[in-house]
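Take the position in the sequence shown, starting the count at 1, then add 6; the result is the number in the numbering used here.
Beta carbons: idealized from backbone N, C-alpha and C, even for Gly.
Notes to accompany the following structure.
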Amino acid sequence: MNIQAENAVSSFFYYMWNTWSQEECRIVYGNMSRHFWEKWCMLSDKGVFGAAERFYAELSDTYRRPLVERAVSLYDGKSLRNMRT
């Protein structure tokens with residue numbers, strides 16, 4: 007398996023489990039955030055277990071990309087990236 011791909015998957019899940027919020031939704035989706043936050047709320051209404059997977063599956067590639075890019079920018083696998091440069 008490609009380590010970079012594995013790292014991106016881990017980063018996505020840790021981001022969704024630990025950081026995803028309405029504010030993060032605004033950062034990722036800007037003026038479309040209300041639509042995506044409502045979608046998230048609908049998909050996580052009966053519980054958050056599996057919600058990240060359902061949310062991702064509902065997105066087109068166009069909207070998956072910024073979400074994954076944000077996740078990878080904040081997480082290195084399961085660890086938060088050191089944001090100091």
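Which residues mark the beginning and the end of the alpha helix (DSSP H) in which residue i is found?
i	result
W43	S39 to L49
Three-state secondary structure (DSSP) at residue i?
i	result
S16	helix
T91	Unreliable positioning characterises T91 in this predicted model, as indicated by a pLDDT of 44, which lies under 50. A coordinate reading is not provided.
M7	In this prediction, M7 has a pLDDT of 42, which is less than 50 and means its spatial position is unreliable; nothing more can be read from the coordinates.
S66	coil
S79	helix
N24	helix
In the DSSP output, which residue or residues are listed as bridge partners for residue i?
i	result
L73	Bridge partners of L73: none, in fact.
Going by the CB atoms, is the gap between residue j and residue i shorter than 8 Å?
i	j	result
Y21	Y81	yes
A57	S50	yes
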